[in-house]
Amino acid sequence: MKHNLHDSKFYAEVSLRSSLFETILLLCFAYALYVLVKNYLEYREDVAFGLRHGCLPPPELPNRWPLGTDWIRKLWHNDAEQHLLAFLCSIADGYEPRNMLSQYLLFGPRAYHILDPRNLEAVQSTNFHDYGFGVRYEVFAPLLGHGIFTQEGPAWKHSRELLRNQFVRTQYQKSDSFSEHVDNLLACLPASKGVIDLQPLFFKFTLDTTTALLLGRSVYSLKGELVADAEIRAFAENFDIAQGGLAKRFRLAPWHFFYSPPKFRRACTEVHRFVDNYIRERDTKSQKVGDIPSSDSFVDQLAQEASSHTVLRDQLLNILLAGRDTTACCLSWTMRLLIRHDSVMERLRKEICSVLGDEEHPTREQIRKMSYLALVIKESLRLFPPVPLNNRTATKTTILPRGGGPDGLAPILVRRGELVVYSQYVNARRKNIYGQDADRFRPERWEGQDHANPFGWAYFPFNGGPRACLGQDFALMEVSYTVVRLLQAFPVIKLPVDEKNEVIGSEKQRLTLVLSCAKGCRVELDRAIAK
């Protein structure tokens, strides 16, 4: 009897478990069916939406391997060889006659690669609200956390307004705000004659100017006074490692979580520690130090509203990335181009001399009179934009105005969740936009134009639309002032005899979140007057 009772309980438990398992399976099946039906209905609605707007498919980049894994291999190989952007240009060349938008399927969502300026205008401005960052926050969070470059919606608008107020004030500051740091930069250069790599010095220089702007006082990395030189070097190295890791995660998205090696995580932690220490040190001092009163600095405005120390640090890191790295890259590429183009260098020197005469410190008003200098920097930014690659994810089903059909004139349907990728670097080399010399450094291409930007949305080094760079005026003035002072201090700045004069675009490039030259910016300097 006991045995029968035990068997009955056993079979009841088995039956209960079996019923539970069947219920779970049924629920899973029902959910899967619901998702399939929902996706099918959404697809039908999207197709109908596309037909109403006359959308046609763009050309498909052919895959030789399943899921486009052959393109993944090529992308990673060219990235390792430091020629990723040149590879992307070679792909775009096949679609140039019609200036069409190419499209291909890798892992994850379908990606559309924009080549037409009208599509860029749609993504960045006209249909701005149809696009978002997708998984950008998850990609960048290990280093940048919740900052203006990872935020969207009300949080982003609030951060942007705080930053706008800060940069509006800088437009009325005298150029003296740069002079101290340029003096420190010049002090690091050869006393008479020599060869030096300017690129690492530019990164220190822009770190000094950016921390002065954001934190109310500079770290003076060029002087090594307030922060030990070894600590600055460690910070810069960790910042570069962390950025490189973010770049890899960015290219892997939405599979970015597969890349999180210990070296990358340690670098992010050390960068956070450096900024945390600086904030704590600064919090102990209330007096004015450096160029900007602490009460007027961005950090003070932000600290009043930041919910935590971490939020404050994240915002500072976001702006530090933009202010330090992009400006340093622009300076490096500009000097690399100048020493490889003697006629441009000579014309620029003549303009500086005609405006300044024997004056050593140019004012903002004098720099604004140097029209050719502005063209030189504009052309440098065209060929080597500090942020050469970007993307957006469609938050709703929308359209791009051009690229579909056999002639590339029909609009294209972009479904919710699909990716739109665009590149100032690739677009800058489009011969059907900039002419047959699109891959040459020729500042004169901008002369005699009716508009400041005659190429429209084919030129967007500072982005555009609601997310246009707020620091554009500050960055351009900083680059202009520094270039002028360098050319004044050194009558001879030229390509070193052992440096190869490479074709533009063939040089090895270091692509993190910003674009720098893998070989730096080596120049030969001489303070003696050229004969």
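Count the sequence shown with full-length UniProt numbering and you get residues 1 to 531, in order.
For every residue, glycine included, the Cβ atom is placed at its ideal position computed from N, Cα and C.
- Taking 8 Å as the upper bound for CB-CB distance, Pro466 and Gln424 are not in contact here, some 18 Å apart.
- In its chain, beyond the 5 residues on either side, Trp333 and Leu515 have a beta carbon closer than 7 Å to the beta carbon of Phe384.
- For Ser516, the enclosing beta strand (DSSP E) starts and ends at Leu515 to Cys517.
- Annotated three-state conformation of Gln509 is strand, per DSSP.
- If the five residues before and after Leu302 are omitted, its C-beta is found closer than 8 Å to the C-beta atoms of Leu162, Leu312, Gln315 and Leu316, all from its own chain and listed in chain order.
- In the structure shown, Val523 adopts extended strand secondary structure according to DSSP, grouped into three states.
- Burial is judged here by how many other beta carbons sit within 10 angstroms of a residue's own beta carbon; Ala191 has fewer than 16 and is exposed.
- Here the alpha carbon of Ile196 sits roughly 8 Å from the alpha carbon of Leu525.
- Per DSSP, the unbroken beta strand (DSSP E) holding Ala111 starts and ends at Ala111 to His113.
- Pro62 and Tyr95 have their C-alpha atoms roughly 13 Å apart.
- Short of 6 Å from the beta carbon of Arg442, and not among the five residues preceding or following it, lies no beta carbon of its own chain.
- DSSP places Tyr459 in no alpha helix (DSSP H); its state is neither H nor E.
- In the DSSP assignment, Ile493 forms a beta bridge with Leu525.
- The residue among Arg336, Glu180, Asp93 and Cys353 with its C-alpha nearest the C-alpha of Lys519 is Arg336.
- Within the segment 110–160, the complete beta strand (DSSP E) segments at least 3 residues long are 111–113, listed from N- to C-terminus.
- DSSP places Pro401 in the uninterrupted beta strand (DSSP E) bounded by Thr398 to Gly404.
- In this structure, Phe455 places its C-beta atom within 8 Å of the C-beta atom of Tyr434.
- Residues Pro362 and Gln366 of the same chain have their beta carbon placed closer than 7 Å to that of Leu356, with the five preceding and five following residues left out of the count.
- Judged by DSSP secondary structure, Ala374 falls within the alpha helix (DSSP H) whose first and last residues are Ser371 to Leu383.
- The shortest CA-to-CA distance from Ser125 to any of Trp457, Pro66 and Leu419 is the one to Trp457.
- Here DSSP, grouped into helix, strand and coil, assigns Leu419 to strand.
- The segment 241–256 makes no contact with the segment 209–220, as fewer than three CB pairs between them are under 8 Å.
- If you ignore the 5 residues before and after Pro262, its C-beta comes within less than 7 Å of no other C-beta in its own chain.
- Distance check between Gln304 and each of Arg349, Glu447 and Ser159 places Ser159 closest, using alpha-carbon atoms only.
- For Asp197, the pairing in a beta bridge is given by DSSP as Arg522.
- Taking a 10 Å sphere around the C-beta of Ser343, we find fewer than 16 other C-beta atoms and assign the residue as exposed.
- With contacts defined by Cβ atoms closer than 8 Å, Arg349 and Asn501 do not form a contacting pair.
- Ala122 has its alpha-carbon roughly 8 Å from the corresponding atom of Pro401.
- Residue pairing from DSSP places Ile412 in a beta bridge opposite Leu400.
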